[in-house]
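Shown next, in structure tokens, is the structure this report addresses.
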Amino acid sequence: MQPIPIIASVLIALSVGSNDTSNALGICIGCRIISFRRAVILFGVFVLIGILLQGRKVMKTVGKDIVEMDLRILGISLLVSAILIIISNWRRLPVSTHQVIIGSLTGSGTALGADVNYGSLFEIFLSWALSPLAAFFASIMLYRAMEKTLSKLPFLQIERIIRVLLLASGIIIAYTTGANELATILGPIIHAGLIDETWAFLGGSFLVFLGAVLLSNRIIETIGSGITALDPYSGFAAQFGAGCCVFLFTSLGMPISTTYCIIGGITGIGVLKGTGTVSVNLLKKIALSWILAPALAFLTCFTIIRTLI
Amino acid sequence: MLKELFLGGKKELEVVDKMKKHMGFLCSACTTLKAAIENWDKELISSVSDLEREGDIVRREIFSNIYEGAFLPFLRPNICRFVEIVDNALDVTKDAAIEYTDLELDEETKDDCARIADISAKMCEMLLAAIETLSGRADLREKSLAIRIYEKKVDEIEFDLLKRLRTKEIKNFWEGKALSDFIHDLTSISDLIEDASDYLQIINISLR
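First to last, the protein sequences are chains A and B.
Heads up, the first sequence is in our numbering, so the first residue is 1 and it goes up one at a time.
Heads up, the second sequence is in our numbering, so the first residue is 310 and it goes up one at a time.
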């Protein structure tokens, strides 16, 4: 049973790499500010810095606070999570790793009658609902502030500043991918004592990097241009607003989705520019996956455990 | 390093400098054409061709700089379009100069053509000044407006000139065609400069 959670974590880390490079640097790659190769290297480095500096709080929330962990819960939850995440990525749907992992852990824990901390779970649900909304408003405010300040500068200066800011916002997202997303994956296996923390940090970051190199192209298209047409101003405001939100929630130890914060940010800018520019159908699809992902993860784990064990 | 980070990158400044150089060739070509018409000096025609050739070299350099990553991709198509229009204006100036070598113009027509060439040269200078403002805080709108007013003047002169020329006797088809082509090319320069000015305005406002 012991290798199963490790193998599943490896698969999820690879998926995070493929999914979240687009969150972090998709806009920069789309705008050709940075080449794909340089982007993934930068992404990998900041994922490692993120988990080393700030990953422990989220790791504790996921690995210790939600459910009383045992090897069966861990194995089935992570395996089911890995399968669901891979299928979602394959279907080109930006799915939240946190939602799937937490849904699975809760489902397995409930089925086995383990002690589930509903208070902690409620806080996490609240963070999931609040974080995209916070990103929505943060991006709007940022966009407005940029319009008022940057537009007065000379053209060449604006161009340069936007380049630097877009890259900086990408780096923030890469950092929070390490501090939040990777911490969610590693939290359960580290707290179950399956792997040493240092090796988990290094190995996890490498796997995320590998996922970015091998698989990230597919989701970049959806994030970069699928929801609303982005100019560099909007791209920065959406990404930086989302980055700040994830950073804030990470500091509180909340495992929230960078993907949904960016979607919140992009939607905010879309609404600011006119609701016509936002693809409602795509948003509906994303909203559906937001509800379905944790529910499906919960039910799958619950059913498997009740049937097999 | 901070200066390079926030005051405009080296590549971008290089492109703007080359755009000015390219535009400078157009200014010189228009001024030379004006001098050639005013002084009946057909020797000057070869200098216009030389300026056009030099302009081509700078255009290629600009495209190469943009391909290497100067400016955000969001801006690149409009910058390329601007450079292409200026290059078309250079081509048309060269064509007008070459057509002029075969023409015999009466004094009144010559004066009108010289006026058109003079206005085109002034429009070029105005557009060059507009490019300069890209790296500063000055507003482009005044310069765009001045260019539009100049273009309107060229249209008025062209309208009167063509009206008068229709009453003149033409000896043969080729003489008429050469004259028509020359006037068409001469007046197209101002049209193209106006188009280029519009693109410069689009580039300028697209990040604001």
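We put the beta carbon where it would ideally sit given N, CA and C, even for glycine.
- With contacts defined as CB atoms closer than 8 Å, residue 501 of chain B and residue 421 of chain B fail to qualify as a contacting pair.
- For residue 325 of chain B, the C-beta contacts it makes with chain A under 8 Å involve 156, in order along the chain.
- Taking each of A:133, A:163, A:7, A:8 in turn and checking the Cα distance to residue 271 of chain A, the smallest one comes out for A:133.
- In terms of beta-carbon proximity, residue 446 of chain B lines the interface with chain A, with at least one pair separated by less than 8 Å.
- As DSSP reads the structure, residue 47 of chain A sits in no beta bridge.
- Counting only the Cα atoms, residue 367 of chain B lies some 19 Å from residue 439 of chain B.
- Judged by beta-carbon spacing, residue 256 of chain A lies beyond the 8 Å limit of residue 108 of chain A, meaning their Cβ atoms are not closer than that value.
- Following the DSSP letters along the chain, one finds residue 417 of chain B inside the alpha helix (DSSP H) bounded by residues 416 to 443.
- Bridge pairing for residue 324 of chain B: absent [DSSP].
- Taking residue 424 of chain B as reference, the option from B:478, B:496, B:472 with the minimal CA-CA separation is B:496.
- Ranking B:374, B:361, B:430 by CA distance to the CA of residue 404 of chain B puts B:361 first.
- Any Cβ of chain B closer than 8 Å to the Cβ of residue 286 of chain A would place that residue at the interface, and such an atom is absent.
- Contacts with chain A at 8 Å (Cβ-Cβ) do not include residue 390 of chain B.
- Close to residue 321 of chain B, with beta-carbon spacing below 8 Å, are these residues of chain A in chain order: 156, 159, 160.
- Any Cβ of chain A closer than 8 Å to the Cβ of residue 380 of chain B would place that residue at the interface, and such an atom is present.
- For the pair residue 208 of chain A and residue 16 of chain A, the CB atoms are nearer than the 8 Å cut-off.
- Along the length of the stretch 158 to 239 of chain A, whole alpha helix (DSSP H) runs at least 4 residues long occupy 183 to 191, 197 to 215, 217 to 221, reported in chain order.
- At a cut-off of 8 Å between C-beta atoms, residue 517 of chain B counts as an interface residue with respect to chain A.
- Among the residues of chain B, none has a CB under 9 Å from the CB of residue 144 of chain A; the nearest is roughly 14 Å distant.
- In this structure, residue 267 of chain A keeps its C-beta atom at 8 Å or more from the C-beta atom of residue 125 of chain A.
- Judged by pairs of C-beta atoms under 8 Å, the stretch 346 to 361 of chain B does not touch the stretch 469 to 487 of chain B, as fewer than three such pairs exist.
- Look at the stretch 355 to 381 of chain B: the residues with a C-beta under 9 Å from a C-beta of chain A are 378, 380, 381.
- In terms of Cβ geometry, residue 334 of chain B and residue 508 of chain B do not form a close pair [threshold 8 Å].
- At a cut-off of 8 Å between beta-carbon atoms, residue 151 of chain A makes contact with chain B.
- Cβ proximity to chain B below 8 Å picks out nothing from the stretch 87 to 108 of chain A.
- Using a Cβ distance threshold of 8 Å, residue 388 of chain B and residue 505 of chain B do not count as a contacting pair.
- DSSP places residue 372 of chain B in the uninterrupted alpha helix (DSSP H) bounded by 354 to 376.
- Residues of chain B whose Cβ lies closer than 9 Å to the Cβ of residue 33 of chain A are, in chain order, 378, 381, 382.
- Judged by DSSP secondary structure, residue 253 of chain A falls outside any alpha helix (DSSP H); it is assigned neither H nor E.
- Contact with chain B is found for residue 163 of chain A, since one of that chain's Cβ atoms lies less than 8 Å from the residue's Cβ.
- By DSSP's assignment, residue 67 of chain A forms a beta bridge with A:116.
- Bounds of any alpha helix (DSSP H) do not take in residue 349 of chain B, whose DSSP letter is neither H nor E.
- Around the beta-carbon of residue 3 of chain A, fewer than 16 other beta-carbon atoms lie within 10 Å, marking it exposed.
- As the crow flies, the alpha-carbon of residue 23 of chain A is around 7 Å from that of residue 262 of chain A.
- For residue 443 of chain B, the closest Cβ of chain A is nearer than 8 Å.
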